[in-house]
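Number of protein chains: 2
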Amino acid sequence: MTTTDHKSLRGRPKTIRAEKVLEVAIEAYWQNDLADVSVNSICRAAQASKPSVYREFGNEDGLTRAALESYAEQLLSDVSKILQSGQGMNETLDALIDFIITDARLEIGCLFHKMRAGKNRLGPKTRQLVEELNRAAQGNYQTFFQDRRSTGDWYGTVSTDVAAKYLGEQIALALAQRASGENATTIREILSLALSVFR
Amino acid sequence: MTTTDHKSLRGRPKTIRAEKVLEVAIEAYWQNDLADVSVNSICRAAQASKPSVYREFGNEDGLTRAALESYAEQLLSDVSKILQSGQGMNETLDALIDFIITDARLEIGCLFHKMRAGKNRLGPKTRQLVEELNRAAQGNYQTFFQDRRSTGDWYGTVSTDVAAKYLGEQIALALAQRASGENATTIREILSLALSVFR
DNA sequence: ATATAAAAATACTGACTGGTATAAAAATGA
DNA sequence: TCATTTTTATACCAGTCAGTATTTTTATAT
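If you read the sequences in order, they're chains C and U.
Heads up: the first sequence is residues 1 to 199, going by this note's numbering.
Heads up: the second sequence is residues 1001 to 1199, going by this note's numbering.
Below, the structure written as structure tokens:
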């Protein structure tokens, strides 16, 4: 809820559009190397003054955290929906692969996975959110495998915990490959090969 | 051959130990995030003056390239040896997994894979070396699969090219997990699961 | 009108970056 | 002894960073 309408009765009215700053920030973090994105550059691109941005988000850590939060809300729940569709193992894996390879919003990779990969460079608040989102994703994966095992359409010998980690890492790999511009059919073959261990 | 003995007959004798600078640089790049390692800090840690380091290596790009080169010479050929041992698929995969999980030099991951992951932040010379080493590794993996296929102990449907890329990425993943301090048996389970598609 | 409150705009701080100019030091050759 | 050569050490450069102090603007309340 980082909006612009504080509705203070006195004082100069706020003109900064926090929404727009976040849009710009997401785009910048997403497209460029995280270390190359400065608060300065975001302020310039969003046409917002630096003190305004700092008043809105506290510090750089707050801005990156808000950007990731906004991004995750927009996108991250879609994977959960696929996993929780209640379909069988094969259909679910097919849908998952299709989503990860073809979804236009993942054309340049996934900001969450990108931040997860560069976790040690993040501020504490952003890092905490990354870990939170990661736990949530892992939990989703794990209940998926538990469901498939109890339904009887998965007889894998590995623990659901390891399976969940494996799935998460393979997804991360595919997204990193998309981000690096790798050939789409190659990515699909690799991801399909990796997930074939569950079929 | 970046040695210290230029054997110039005149002038103040060289005291900088290029070897030591490289040691320090490798350790620094290896332990810390690449973006956090500055030429300044390396000079300080190696007790070498900045102009001396710049005379020896040209610029930051030259230093990182030399560090990666030195590192690769020390370590990277071991993987090739395992792949070229001429053993069967299962034995080779077992040996490979064992090496990647247990080799002490890979306890904090692999500098090559780390630099490959952060490729876009590297200077042109270092980037070129990374791509060279990557091509070499891919080539090794691919001939390994070609051999196993011609020997008749691999009947996989994917191309040797995709198999090679897959193997390379799974190794990279395992090394990244080691670098991030993940539990060793978990890493082994995940890598074993990933490579089980070849058995 | 005028005091007050809040935000905006500008310009700044101190630290750190990669890279270098300059001068002192330490060797050899004549 | 003294000029020459090479490396070292110190100190600097311009640029960028995250973050902020200060002043100006724009509103409302009295």
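A virtual CB, placed ideally from N, CA and C, is assigned to each residue, including glycine.
For clarity, every value in this text was computed on a predicted model and none was experimentally measured.
Using the beta-carbon of each residue, which ones in chain C are nearer than 9 angstroms to residue i?
{"i": "residue 1135 (chain U)", "result": "Per Cβ cutoff of 9 angstroms: no residues; residue 1135 (chain U) is ~15 angstroms from chain C at best."}
With a threshold of 16 other CB atoms inside 10 Å of the CB of residue i, please say whether the residue is buried or exposed.
{"i": "residue 1003 (chain U)", "result": "Low confidence applies to residue 1003 (chain U): its pLDDT is 34, below 50, so where it sits in the model is not reliable, and the reading given next is rough at best. So residue 1003 (chain U) counts as exposed."}
{"i": "residue 111 (chain C)", "result": "buried"}
{"i": "residue 140 (chain C)", "result": "buried"}
{"i": "residue 177 (chain C)", "result": "buried"}
{"i": "residue 1194 (chain U)", "result": "buried"}
{"i": "residue 1170 (chain U)", "result": "buried"}
{"i": "residue 1155 (chain U)", "result": "exposed"}
{"i": "residue 46 (chain C)", "result": "buried"}
{"i": "residue 1109 (chain U)", "result": "buried"}
{"i": "residue 1142 (chain U)", "result": "buried"}
{"i": "residue 1165 (chain U)", "result": "buried"}
{"i": "residue 1114 (chain U)", "result": "buried"}
{"i": "residue 1044 (chain U)", "result": "exposed"}
{"i": "residue 68 (chain C)", "result": "buried"}
{"i": "residue 167 (chain C)", "result": "buried"}
{"i": "residue 208 (chain C)", "result": "Here chain C covers residues 1 to 199 and nothing more, so residue 208 (chain C) does not appear."}
{"i": "residue 1126 (chain U)", "result": "buried"}
{"i": "residue 1065 (chain U)", "result": "buried"}
{"i": "residue 148 (chain C)", "result": "buried"}
{"i": "residue 22 (chain C)", "result": "buried"}
{"i": "residue 157 (chain C)", "result": "exposed"}
{"i": "residue 72 (chain C)", "result": "buried"}
{"i": "residue 1010 (chain U)", "result": "exposed"}
{"i": "residue 1107 (chain U)", "result": "exposed"}
{"i": "residue 1116 (chain U)", "result": "buried"}
{"i": "residue 92 (chain C)", "result": "buried"}
Going along chain U, which residues have a C-beta under 7 angstroms from residue i?
{"i": "residue 33 (chain C)", "result": "1120 and 1121"}
{"i": "residue 37 (chain C)", "result": "The premise fails here: residue 37 (chain C) is roughly 12 angstroms from chain U at the closest Cβ pair, so nothing lies under 7 angstroms."}
{"i": "residue 158 (chain C)", "result": "1189 and 1193"}
Could you list which residues in chain U have their beta carbon closer than 9 angstroms to that of residue i, in chain order?
{"i": "residue 196 (chain C)", "result": "1197"}
{"i": "residue 173 (chain C)", "result": "1169, 1170, 1172 and 1173"}
{"i": "residue 186 (chain C)", "result": "1161, 1162 and 1165"}
State yes or no: is the beta carbon of residue i nearer than 7 angstroms to at least one beta carbon in chain U?
{"i": "residue 166 (chain C)", "result": "yes"}
{"i": "residue 190 (chain C)", "result": "yes"}
{"i": "residue 204 (chain C)", "result": "Outside the displayed span of chain C (1 to 199) sits residue 204 (chain C), for which this structure offers no information."}
{"i": "residue 61 (chain C)", "result": "no"}
{"i": "residue 53 (chain C)", "result": "no"}
{"i": "residue 24 (chain C)", "result": "no"}
{"i": "residue 183 (chain C)", "result": "no"}
{"i": "residue 179 (chain C)", "result": "no"}
For residue i, decide whether its Cβ has a neighbour in chain C, counting only Cβ atoms nearer than 7 angstroms.
{"i": "residue 1106 (chain U)", "result": "no"}
{"i": "residue 1021 (chain U)", "result": "no"}
{"i": "residue 1096 (chain U)", "result": "no"}
{"i": "residue 1193 (chain U)", "result": "yes"}
{"i": "residue 1079 (chain U)", "result": "no"}
{"i": "residue 1130 (chain U)", "result": "no"}
{"i": "residue 1004 (chain U)", "result": "Low confidence applies to residue 1004 (chain U): its pLDDT is 37, below 50, so where it sits in the model is not reliable enough to give any reading."}
{"i": "residue 1001 (chain U)", "result": "Bear in mind that a pLDDT of 32 at residue 1001 (chain U), under 50, signals an unreliable position, so the number given afterwards is only what the model happens to contain. No, residue 1001 (chain U) lies away from the interface with chain C (no Cβ there is under 7 angstroms from its Cβ)."}
What residues from chain C crowd round residue i, counting only those whose CB sits closer than 8 angstroms?
{"i": "residue 1126 (chain U)", "result": "Under the 8 angstroms cutoff, chain C gives no residues; its nearest Cβ is about 15 angstroms from residue 1126 (chain U)."}
Exercise for the section: Can you check the segment 1116-1153 of chain U for any beta strand (DSSP E) of at least 3 residues that lies completely inside it and give the ranges in chain order? Expected result: none
Exercise for the section: Please specify which runs of the alpha helix (DSSP H), each continuous and at least 4 residues long, are wholly inside the segment 1020-1063 of chain U, giving them in chain order. Expected result: 1039-1046 and 1050-1057
Problem - Uninterrupted alpha helix (DSSP H) stretches inside the segment 69-106 of chain C (no shorter than 4 residues) - result: 77-83 and 89-102
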